[in-house]
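Residue numbers (my numbering), protein chains in the order written: chain V, 9 to 351; chain P, 9 to 351. Backbone N, C-alpha and C fix where the C-beta goes; we use that ideal spot for every residue, glycine too.
2 protein chains.
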Amino acid sequence: MNTVTMQDVANLAGVSNKTVSRVINNEPSVSPATRDKINKIIKETNFQPNKSAQSLAAHRSLLLGLLYDNPSSAYITGLQEGVLKACDNFGYGLVIHPCDHKDSDLLQNLRQLIGSTRMDGLVLTPPLTENKALLDFLDENNKPHVLISPLDQVQSNPLVFTDDVSAAKQVMQFLFDHGHKRIGFIQGVRQRSGTEMRYQGYKQALEDNGIVFDKDLVAPGDFTFESGELAAQQLLRLDKPPSAIFASNDYMAAGVLKAASQLRIPVPYELSVCGFDDNPVARFLTPTLTTVQHPVTMLAESAGELLIRQLKKHLEPPHKASDIHSELIVRESTGPVNSQFEA
Amino acid sequence: MNTVTMQDVANLAGVSNKTVSRVINNEPSVSPATRDKINKIIKETNFQPNKSAQSLAAHRSLLLGLLYDNPSSAYITGLQEGVLKACDNFGYGLVIHPCDHKDSDLLQNLRQLIGSTRMDGLVLTPPLTENKALLDFLDENNKPHVLISPLDQVQSNPLVFTDDVSAAKQVMQFLFDHGHKRIGFIQGVRQRSGTEMRYQGYKQALEDNGIVFDKDLVAPGDFTFESGELAAQQLLRLDKPPSAIFASNDYMAAGVLKAASQLRIPVPYELSVCGFDDNPVARFLTPTLTTVQHPVTMLAESAGELLIRQLKKHLEPPHKASDIHSELIVRESTGPVNSQFEA
DNA sequence: CTGAAAGCGCTTACAG
DNA sequence: CTGAAAGCGCTTACAG
Numbered sequence: 009m010n011t012v013t014m015q016d017v018a019n020l021a022g023v024s025n026k027t028v029s030r031v032i033n034n035e036p037s038v039s040p041a042t043r044d045k046i047n048k049i050i051k052e053t054n055f056q057p058n059k060s061a062q063s064l065a066a067h068r069s070l071l072l073g074l075l076y077d078n079p080s081s082a083y084i085t086g087l088q089e090g091v092l093k094a095c096d097n098f099g100y101g102l103v104i105h106p107c108d109h110k111d112s113d114l115l116q117n118l119r120q121l122i123g124s125t126r127m128d129g130l131v132l133t134p135p136l137t138e139n140k141a142l143l144d145f146l147d148e149n150n151k152p153h154v155l156i157s158p159l160d161q162v163q164s165n166p167l168v169f170t171d172d173v174s175a176a177k178q179v180m181q182f183l184f185d186h187g188h189k190r191i192g193f194i195q196g197v198r199q200r201s202g203t204e205m206r207y208q209g210y211k212q213a214l215e216d217n218g219i220v221f222d223k224d225l226v227a228p229g230d231f232t233f234e235s236g237e238l239a240a241q242q243l244l245r246l247d248k249p250p251s252a253i254f255a256s257n258d259y260m261a262a263g264v265l266k267a268a269s270q271l272r273i274p275v276p277y278e279l280s281v282c283g284f285d286d287n288p289v290a291r292f293l294t295p296t297l298t299t300v301q302h303p304v305t306m307l308a309e310s311a312g313e314l315l316i317r318q319l320k321k322h323l324e325p326p327h328k329a330s331d332i333h334s335e336l337i338v339r340e341s342t343g344p345v346n347s348q349f350e351a
Numbered sequence: 009m010n011t012v013t014m015q016d017v018a019n020l021a022g023v024s025n026k027t028v029s030r031v032i033n034n035e036p037s038v039s040p041a042t043r044d045k046i047n048k049i050i051k052e053t054n055f056q057p058n059k060s061a062q063s064l065a066a067h068r069s070l071l072l073g074l075l076y077d078n079p080s081s082a083y084i085t086g087l088q089e090g091v092l093k094a095c096d097n098f099g100y101g102l103v104i105h106p107c108d109h110k111d112s113d114l115l116q117n118l119r120q121l122i123g124s125t126r127m128d129g130l131v132l133t134p135p136l137t138e139n140k141a142l143l144d145f146l147d148e149n150n151k152p153h154v155l156i157s158p159l160d161q162v163q164s165n166p167l168v169f170t171d172d173v174s175a176a177k178q179v180m181q182f183l184f185d186h187g188h189k190r191i192g193f194i195q196g197v198r199q200r201s202g203t204e205m206r207y208q209g210y211k212q213a214l215e216d217n218g219i220v221f222d223k224d225l226v227a228p229g230d231f232t233f234e235s236g237e238l239a240a241q242q243l244l245r246l247d248k249p250p251s252a253i254f255a256s257n258d259y260m261a262a263g264v265l266k267a268a269s270q271l272r273i274p275v276p277y278e279l280s281v282c283g284f285d286d287n288p289v290a291r292f293l294t295p296t297l298t299t300v301q302h303p304v305t306m307l308a309e310s311a312g313e314l315l316i317r318q319l320k321k322h323l324e325p326p327h328k329a330s331d332i333h334s335e336l337i338v339r340e341s342t343g344p345v346n347s348q349f350e351a
């Protein structure tokens, strides 16, 4: 296939390979004329530097690692798309690594992976972002890493984050605006920052609207469909059931739709349902789900860029963090209280 | 991190680096004693060969490429999981490459990708497996590739396949067994082998059961939710509507559920619905969807192994193809004709 | 069964 | 602004 080497280009241009190297790496101190000539030859010959040779000589792999442990395929492919975009833009390759955050061999496997790929840096996603042992391990081994995560406290690591508190408040405000006052809430897995932030958003929105918090309207969940179904059964069987349920993610919201169907409660006429994440499932349900779009691809691209900037000394220093906004997506599963929509 | 080199291991073992190389690559003609001693030192020092050096010296990247253009995230992550497993087992890395099979720059982008990564071989999935120009391009550039695809004709390329005809027949047989005689069918994108095979399965099953084919019961679709909804509306408004609808994939089956809901036709009491693929959405719908599990992870692992065998001369020659079976998953959306289930 | 020499295609550190 | 030399850590081709 492409077997042109840097030396070939250098010979054609009548310069040393070092000068070609300078052009490839965008180093300064090459005369414009020389640079142009070399670039022209690179284009003509379709020269592409050999990554293995670059890595070996420069003691860096030009590889980024992407670590995740998430049950949502849509989240994973969104992540990959974003990080790949950043990698492509800066000449990096990507090593994907699905893992199990509860596996006791996690660190051992990771040590193996890093040892064999020599990846230059990593992008981490929840719940791995909350694994102290993992973060310490990366620090000790001097592997730069950027986290993608809801921001719930000051972090010592570079971070790309969403503000899940305000996103949850948006959902609540939408429901208030449609006349709902008794709004149920289904929590996610405990001790995950996103879980806590969405719950805070729920509570703050109640307070901002002068509605007294009622702990009976809060049901536990673990982000699974089944837990959403159970939680909804609990909420809908209350003496004074809610007129709307806000689930901390879309899988649980799908479970709410199922529970409502079994209890013969028509959505959205007697119950409004909201989710979180804008998982594709939200579009395929009947009725379709009102939810919050989680801008995972943009987050991932930012995270990739942030990481690469850290790795490249001659680029500006990394931003400490960046905030990307979520967006409310209104669909059929929500409506005014006791709405009289046509069937 | 791990900065032990082959030379370090050789020095510790009192042999030349060539001998260590032989052990690492499982080459024959090393005395058992020497091999054991070297393996022991490798373990103690936690030595892992530098991939960049291996690639550079051996003129191969030890990288596999995975190409896909599929709207289903679950399909993509399933693929990746399988190919990654094969890669891990044989010391290969994986380069993932989402692409657009309708993009006119497809080949140009691919040329770029292959040139920059030097990937040793590729795994292709539909619809890329049916892109003649792409396959020719890979042949011309001498890049081994394995296809994952339904098998509808003799293929010149190594292939891992499912038999979608018999899988579709399984679905039909299940419906016949429950008394259905008028069964609607929603087709997928034209000229894709899976589409044609599932349709063949539908027709063959009718014939095998002595039921006359009725073209009014077949509606076109394109694998999207929306197309399934439209097709179902068409079928359900027939003078003699079907008592069951078999959609060529789960997204379209989800659309059928929506259409049924809007037409106030209760599923499964007055209509049974079947899909194909066992996409996660099938579990989250209400009612849950009866479908055919597409064993994509197993297919992908087989494809990866097949490809690696081709690349390694000292392993046995590649099997020409292998067949992996699909499995029917029965869920709530199907039942006997006019079933009187409890609500 | 084992090893010495050359080389893969780049970058680094230095010199000018 | 440019280049000559050494070297990154392996494999190849050969010799014994």
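- In chain order, Gln88, Leu92, Leu102, Ile104 make up the part of chain P whose C-beta sits under 9 angstroms from the C-beta of isoleucine 104 of chain V.
- In this structure arginine 126 of chain P is buried. Its beta-carbon is surrounded by 16 or more other beta-carbon atoms within 10 angstroms.
- Less than 8 angstroms separates the beta-carbon of threonine 42 of chain P from that of valine 23 of chain P.
- By the neighbour-count criterion, in which a residue is buried when 16 or more other Cβ atoms sit within 10 angstroms of its Cβ, glutamine 56 of chain V is buried.
- DSSP places proline 40 of chain V within a helical segment (H, G or I) once states are collapsed to three.
- Close partners of tyrosine 259 of chain P in chain V (Cβ separation under 8 angstroms): Phe292.
- Scanning its chain for C-beta atoms nearer than 7 angstroms, with the 5 sequence neighbours on each side dropped, one finds around glutamine 241 of chain V the residues Ala267, in chain order.
- Under DSSP, isoleucine 194 of chain P takes part in a beta bridge, and its partners are P/Ala227, P/Ala255.
- According to the DSSP assignment, serine 63 of chain P belongs to the alpha helix (DSSP H) that extends over 59 to 66.
- Taken through DSSP and simplified to helix, strand or coil, threonine 13 of chain V comes out as coil.
- CA-CA distance, alanine 213 of chain P to leucine 121 of chain V, rounds to 49 angstroms.
- In this structure, serine 251 of chain V places its C-beta atom within 8 angstroms of the C-beta atom of histidine 188 of chain V.
- In the three-state DSSP reduction, serine 69 of chain P falls in the coil class, being neither helix nor strand.
- In the DSSP assignment, threonine 299 of chain P falls within the unbroken beta strand (DSSP E) covering 299 to 301.
- Contact between threonine 232 of chain P and tyrosine 210 of chain P is absent: CB atoms are separated by about 20 angstroms, not below the 8 angstroms threshold.
- Per DSSP, reduced to three states, the secondary structure at leucine 115 of chain P is helical.
- Within the DSSP secondary-structure output, valine 131 of chain V pairs in a beta bridge with V/Leu74, V/Val154.
- Distance from the CA of glutamine 15 of chain P to the CA of glutamine 62 of chain P, rounded to the nearest whole angstrom, comes to 14 angstroms.
- Its chain contains Val300, Ser334 as the residues whose beta carbon lies nearer than 6 angstroms to that of alanine 175 of chain P, once the 5 sequence neighbours on both sides are disregarded; these appear in chain order.
- Under a criterion of Cβ atoms nearer than 7 angstroms, no residue of chain V is adjacent to alanine 141 of chain P; the nearest Cβ is some 17 angstroms distant.
- Under the three-state reduction of DSSP, glutamate 340 of chain P is assigned to coil, being neither helix nor strand.
- With respect to leucine 132 of chain V, leucine 75 of chain V sits close: the two C-beta atoms are nearer than 8 angstroms.
- Close partners of isoleucine 316 of chain V in chain P (Cβ separation under 8 angstroms) are lacking, with about 16 angstroms as the shortest Cβ gap.
- In this structure, P/Leu136 is the residue among P/Leu136, P/Ser69, P/Pro166 with its C-alpha nearest to the C-alpha of arginine 200 of chain P.
- Under the 8 angstroms criterion on CB atoms, proline 288 of chain P is classed as interfacial with respect to chain V.
- P/Ile253 is the residue among P/Pro36, P/Ile253, P/Leu297 whose C-alpha sits nearest the C-alpha of leucine 279 of chain P.
- Counting only Cβ-Cβ distances below 7 angstroms, phenylalanine 145 of chain V has no contacts in chain P at all, with the closest Cβ about 11 angstroms away.
- For glycine 343 of chain P, the CB contacts under 8 angstroms within the same chain, skipping 5 residues up- and downstream, are His186, Pro276, Tyr277, Ser280, Phe349 in chain order.
- What leucine 64 of chain V touches in chain P, judged by beta-carbon distance under 8 angstroms, is Asn58, Ser60, Ala61, Leu64, going in chain order.
- Of the other Cβ atoms in all chains shown, fewer than 16 fall within 10 Å of the Cβ of proline 36 of chain V; this residue is therefore exposed.
- Between alanine 65 of chain P and the set V/Gly283, V/Asn58, V/Asn165, V/Ala82, the nearest pair of CA atoms involves V/Asn58.
- Under the 8 angstroms Cβ criterion, the region 90 to 102 of chain V counts as touching the region 312 to 322 of chain V, having at least three qualifying pairs.
- Taking the Cα positions, serine 256 of chain P is about 6 angstroms away from glutamine 195 of chain P.
- Residues of chain P with a Cβ closer than 9 angstroms to the Cβ of isoleucine 84 of chain V are, in chain order, Ser81, Ile84, Thr85, Gln88.
- In the three-state DSSP reduction, isoleucine 219 of chain P falls in the coil class, being neither helix nor strand.
- In this structure, the straight-line span from the alpha carbon of aspartate 216 of chain V to that of alanine 311 of chain V is close to 33 angstroms.
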